[in-house]
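Numbering (full-length UniProt numbering), first residue to last: 1 to 283.
Where a beta carbon is used, it is the ideal one built from N, C-alpha and C, also for glycine.
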Amino acid sequence: MATAAPIKSKPEFAGILRERNEFAQGDSGQTSDKINSSFDSLMLQSGLGMSPGLMLAVIVCSALALAGVAFVVQENLLTTGIAFFVGGVLAVLALFAVRARRQKKIMGQIPDMVSELARAARTGRSLESCLQTVAEDTPSPLGDELRIGTRRMAMGVPVADALRDLPERTGVNSLHVFVMALALHSETGGDLVRILERLARAVRDRIGFLGRLRAATAASRATAILMLVVPPAIVLFFIIRDPNYLTDLFDSFWGRLVTVLAIILQIVGSLWVLMILNRSRRT
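Spelled out as structure tokens, the structure:
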């Protein structure tokens with residue numbers, strides 16, 4: 001008999017069931033905890049299978065490696081500090097790129113997965129049996145996430161609870177509707193086949209709309225990315241051409257003032273542009 005009670009970790013089963021390593025310490029509302037929670041979600045949704053602590057060590061090693069190369073080439077502490085910052089940022093951007101590629105792949109797998117689930121449900125089998133069959137037939141990365149849910153169902157966890165964190169683990173909004181539809185059907189019943197067929201069509205239409213939207217806004221996004229890349233690239237060019245460029249610039253008061261203001265404005269502008277791009281992507 002299925003039970004809605006949550007699975008709790010016990011010492012005798014510590015090797016089987018363990019809590020996920022996270023930096024966040026609950027819903028404290030503090031800025032630091034929000035940053036930790038965002039980093040935990042980034043690691044979970046990237047699908048790398050690494051703990052946040054290990055990934056943080058990789059980011060630090062990347063920053064140290066680039067800083068070491070800069071110090072060997074330039075022998076300038078200011079250039080080394082900038083290289084350390086750039087190395088860490090590049091590692092984080094690579095992590096964002098991995099998550100975006102995985103989410104795009106999952107989004108493309110959803111329509112076929114939902115259609116296959118509708119065909120399986122048409123045979124009259126139970127929802128749990130249909131989900132298990134579809135999870136085994138669906139390739140990675142979506143198949144891996146579905147198999148986590150089916151293993152929970154095999155342990156007696158209800159469908160709604162087994163798949164509840166599927167949208168959180170993937171970061172794909174379309175899976176919210178999928179999980180809600182299955183949870184509603186498991187509680188109240190209804191024509192599941194018709195619901196799934198409509199959901200598959202809706203996801204396909206959404207993918208097509210997003211493709212047209214990306215094509216229409218490609219020039220704007222390219223301009224925004226160019227605005228982020230060009231200023232650091234120009235500074236890097238001058239540093240490579242003249243290793244003492246930043247040292248000479250910081251010798252005067254106005255040089256230090258203008259440089260600090262330029263860095264602050266560049267950071268503010270970058271955050272603003274990234275917020276706009278992220279908001280348009282979510283929309």
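CA nearest to the CA of residue i, picked from the options
{"i": "Ser140", "options": "Met180, Ala83, Met107 and Pro243", "result": "Met107"}
{"i": "Ala222", "options": "Gly49, Ile276 and Met55", "result": "Ile276"}
{"i": "Pro52", "options": "Ser38, Met153, Thr79 and Pro158", "result": "Ser38"}
{"i": "Asp165", "options": "Lys34, Met155 and Met180", "result": "Met180"}
{"i": "Pro243", "options": "Lys34, Gly49 and Val73", "result": "Val73"}
{"i": "Leu274", "options": "Ala162, Leu226 and Leu261", "result": "Leu226"}
{"i": "Val92", "options": "Asp40, Met153, Leu182 and Gln109", "result": "Asp40"}
{"i": "Phe84", "options": "Gly189, Ala67, Leu142 and Ala233", "result": "Ala67"}
{"i": "Leu228", "options": "Ser126, Ala262 and Ala120", "result": "Ala262"}
{"i": "Pro232", "options": "Arg206, Leu90, Gly49 and Ile35", "result": "Leu90"}
{"i": "Met155", "options": "Glu128, Ile59 and Asp248", "result": "Glu128"}
{"i": "residue 285", "options": "Ala135, Ser126 and Leu142", "result": "The chain is shown only over 1 to 283; residue 285 falls outside these bounds and no answer can be derived."}
{"i": "Asp161", "options": "Ser174, Asn173, Gly171 and Leu184", "result": "Leu184"}
{"i": "Ile110", "options": "Tyr245, Ser174, Ala218 and Arg256", "result": "Ser174"}
{"i": "Lys105", "options": "Asp33, Val258 and Thr170", "result": "Thr170"}
{"i": "Asp191", "options": "Gly124, Gln30 and Ala57", "result": "Gly124"}
Burial state of residue i, where buried means 16 or more other Cβ atoms lie within 10 Å
{"i": "Thr150", "result": "buried"}
{"i": "Cys61", "result": "exposed"}
{"i": "Arg99", "result": "buried"}
{"i": "Leu77", "result": "exposed"}
{"i": "Ile82", "result": "buried"}
{"i": "residue 291", "result": "Past the edges of the chain, shown from 1 to 283, lies residue 291, and the structure says nothing about it."}
{"i": "Glu168", "result": "exposed"}
{"i": "Val268", "result": "exposed"}
{"i": "Leu271", "result": "exposed"}
{"i": "Phe240", "result": "This sequence places Ile at residue 240; Phe is not what is there. It is exposed - the Cβ of Ile240 has fewer than 16 other Cβ atoms within 10 Å."}
{"i": "Gly47", "result": "buried"}
{"i": "Leu265", "result": "exposed"}
{"i": "Asp205", "result": "exposed"}
{"i": "Ala97", "result": "exposed"}
{"i": "Ala200", "result": "buried"}
{"i": "Ile35", "result": "exposed"}
{"i": "Gly15", "result": "A caution first: Gly15 carries a pLDDT of 46, below 50, which makes its placement in the model unreliable, though a value can still be read off. Gly15 should be labelled exposed."}
{"i": "Ile234", "result": "exposed"}
Cβ distance (whole Å) where residue i is taken to contact residue j below 8 Å
{"i": "Val193", "j": "Val114", "result": "At roughly 11 Å, the Cβ-Cβ gap does not stay under 8 Å, so Val193 and Val114 are not in contact."}
{"i": "Gln103", "j": "Gln45", "result": "7 Å"}
{"i": "Ala65", "j": "Thr80", "result": "Between Thr80 and Ala65 the Cβ distance is about 12 Å, and since that is not below 8 Å, they are no contact."}
{"i": "Asp144", "j": "Glu116", "result": "Incorrect: roughly 16 Å between the Cβ atoms, too far for contact."}
{"i": "Glu197", "j": "Ala118", "result": "5 Å"}
{"i": "Leu182", "j": "Val159", "result": "6 Å"}
| field | Ranges of the alpha helix (DSSP H) found wholly within the region 30-55, counting only runs of at least 4 | value | 31-46
| query | Quick one: complete beta strand (DSSP E) runs, 3+ long, within the region 207-242? | reply | none
| query | Whole alpha helix (DSSP H) runs in the region 49-122 with 4 or more residues, listed along the chain? | reply | 52-74 and 77-122
| task | Could I get the ranges of all uninterrupted alpha helix (DSSP H) runs contained in the region 144-216, with 4 residues as the minimum, in chain order? | result | 159-162, 166-170, 174-188 and 192-216
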